[in-house]
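Residue numbers (our numbering): 76 to 424.
The beta carbon of each residue, even a glycine, is placed where N, CA and C say it ideally should be.
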């Protein structure tokens, strides 16, 4: 009986040790969370007070700590980057983002936030002794722009984050916004005169070189919508997946579709964005850039069927400026921006 009592006592003592250890572990975890919250609150106050240097140190602490709450660390990164910009220390931004990605490489929200920082720029800097310094700099150097390079850096991070985001079934509305951002990065100043760039498939394995001089998005005169070898307008279809896309235009369409599938509430916004792109490419307003030539060709054509007989256009027809000149043609139903606008208007609450 005494032996059983001793074993029973040791058993109870063991249970007490396990319970005590578990509670102590829980206490440490809770303490860590409290410490994180205290640091963040202090950093926010420093930021609000305009003490950007000290605020950056505290936000940086949070970002480079692998234990920082996964859902909160992206905002910490944004705050830290904002501090660097306010301090005029943009030349530290690239290294900081690389360090953050190295610590939180499996956090799709952090990868997304880092991609946004590359997207926001600034997209210029100076090369001194073969090294790039982002932003303004005293002391000279070769001035370069890096927009295309930053675009690829952002796309790389988004591509890395994509499978992680798609696997997050509990955050579909947030994932939808992720795909909207990815679509925006893909479009990247490829509207209007630059829309021909969408025909190419951006190589994510190769970083573009720094380019001399300033970056002027869409600075050239409109060249007209791109055409295929037969002179027909190019329409970007939706591929079955990212890998199946043959150009950035298809990647863009796929990302918009993913956004709508992840959050049905975004479907009208997605359709409107697509319709706006089509209208920008194929609407009759593109003829305005032809000036006197428009009137000349209009006078030379038949009154009812000439190229510029706008009043004779049917619902699925348009006359627009293409890369090869002015053309009248029918829009496939999928790409009929007027029809999409009408449908959206009819469905509006």
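Residue 284 burial status per 10 Å Cβ neighbour count (16 or more: buried)
The residue is exposed, with fewer than 16 neighbouring Cβ atoms inside 10 Å.
Cβ shell of residue 236 (< 6 Å), same chain only, five flanking positions each side left out:
Contacts found: 183, 186 and 187.
Look up residue 200 in the DSSP assignment and give the residues it is bridged to.
DSSP lists 209 and 219 as the bridge partner or partners of residue 200.
Below 8 Å, is the gap between the Cβ of residue 254 and the nearest heavy atom of the ligand ZN?
Looking for the ligand ZN in the displayed structure turns up nothing, as the structure carries no ligands at all.
Check this for me: beta carbons of residue 191 and residue 124, under 9 Å apart or not?
Going by C-beta atoms, residue 191 is not nearer than 9 Å to residue 124.
Specify whether the stretch 243-262 and the stretch 331-339 touch according to this definition: at least 3 beta carbon pairs, one from each stretch, less than 8 Å apart.
In this structure the stretch 243-262 touches the stretch 331-339; the number of beta carbon pairs closer than 8 Å is three or more.
Between residue 110 and residue 131, what straight-line distance do the alpha-carbon atoms span, to the nearest angstrom?
Straight-line Cα distance between these residues: approximately 17 Å.
How big is the Cα-Cα spacing for residue 472 and residue 422?
As shown, the chain starts at 76 and ends at 424. That puts residue 472 outside it, with no answer to give.
Just the Cα atoms here: how many angstroms apart are residue 420 and residue 142?
About 48 Å.
Rounded Cβ spacing between residue 275 and residue 225 (contact assumed at less than 8 Å):
Their Cβ separation, rounded to whole angstroms, is 17 Å, which puts residue 275 and residue 225 out of contact at 8 Å.
Anyone know if the C-beta pair for residue 234 and residue 282 falls short of 9 Å?
At the C-beta level, residue 234 and residue 282 stay beyond 9 Å of one another.
Consult DSSP for residue 285 and reduce its assignment to one of helix, strand or coil.
Residue 285: coil per DSSP, three-state reduction.
Are the CB atoms of residue 326 and residue 261 within a distance shorter than 9 Å?
A contact, by the Cβ cut-off of 9 Å.
Do the stretch 214-222 and the stretch 192-199 meet, that is, are 3 or more Cβ pairs less than 8 Å apart?
Flag = yes, the stretch 214-222 and the stretch 192-199 touch.
Is residue 361 closer than 9 Å to residue 396 when the C-beta atoms are compared?
Cβ distance < 9 Å, so residue 396 and residue 361 count as in contact.
Distance between residue 118 and residue 176 (C-alpha atoms, nearest Å):
Take the alpha-carbon of residue 176 and the one of residue 118: they are about 21 Å apart.
Residue 242: buried (16+ other C-beta within 10 angstroms of its C-beta) or exposed?
Exposed: under 16 other Cβ atoms inside 10 Å.
Any idea what DSSP makes of residue 394, helix, strand or coil?
DSSP places residue 394 in strand when its eight states are reduced to three.
Which one of 216, 115, 195 and 211 has the shortest CA to CA distance from residue 204?
Ranking 216, 115, 195 and 211 by Cα distance to residue 204 puts 216 first.
So residue 127 is in the alpha helix (DSSP H); what residue range does that whole segment cover?
127-138 is the span of the alpha helix (DSSP H), which, as asked, contains residue 127.
C-alpha distance - residue 89 paired with residue 240, whole-angstrom precision:
Confidence at residue 89 is low in this model, with a pLDDT of 41, below 50, so the placement of that residue is unreliable and no value is reported for it.
Within its chain, find whatever has a CB closer than 8 Å to the CB of residue 430; leave out the 5 residues flanking it on each side and keep chain order.
The chain is shown from 76 up to 424; residue 430 falls before or after that span and cannot be answered.
Based on Cα-Cα distance, which residue from 416, 409, 407 and 359 lies nearest to residue 388?
Comparing alpha carbon positions, the residue from 416, 409, 407 and 359 closest to residue 388 is 359.
Using a Cβ-Cβ cut-off of 6 Å (strictly less than) and excluding sequence neighbours within five positions of residue 82, which residues of its own chain qualify?
The pLDDT assigned to residue 82 is 37, lower than 50, so where the model puts this residue is not dependable; a value taken from the coordinates is nonetheless given after this. Taken in chain order, the list of residues that qualify is empty.
Separation of residue 116 from residue 138, as counted between CA atoms
Distance from the CA atom of residue 138 to the CA atom of residue 116, rounded to whole angstroms, is 14 Å.
Residues of its chain near residue 313, where Cβ-Cβ distance is below 8 Å and the 5 sequence neighbours each way are ignored:
The residues are 325, 328, 329 and 332.
Chain-order list of residues whose beta-carbon lies under 8 Å from that of residue 300 (same chain, five-residue window excluded):
For residue 300, same chain residues with a beta-carbon under 8 Å away, outside a window of 5 residues either side, are 270, 308, 309, 356, 357, 361, 395, 396, 397 and 398 in chain order.
Could you spell out the range, first to last residue, of the beta strand (DSSP E) harbouring residue 402?
Note, residue 402: beta strand (DSSP E), 400-405.
Please return the same chain residues whose Cβ sits closer than 8 Å to the Cβ of residue 367, not counting the five positions on each side in sequence.
Unreliable positioning characterises residue 367 in this predicted model, as indicated by a pLDDT of 40, which lies under 50. A coordinate reading is not provided.
If the criterion is Cβ atoms closer than 9 Å, does the pair residue 172 and residue 147 meet it?
Going by C-beta atoms, residue 172 is not nearer than 9 Å to residue 147.
Three-way DSSP call (helix, strand, coil) for residue 380 in this model
Low confidence applies to residue 380: its pLDDT is 43, below 50, so where it sits in the model is not reliable, and the reading given next is rough at best. If DSSP states are grouped into helix, strand and coil, residue 380 belongs with coil.
Measure the alpha-carbon distance for residue 127 versus residue 214 and round it to whole angstroms.
Each residue's CA atom was taken as its position, placing residue 127 and residue 214 some 24 Å apart.
Assign residue 289 to buried or exposed, taking buried as 16 or more other Cβ atoms, counted over all protein chains shown, within 10 Å of its Cβ.
Residue environment: residue 289 is assigned as exposed (fewer than 16 neighbouring CB atoms within 10 Å of its CB, all protein chains considered).
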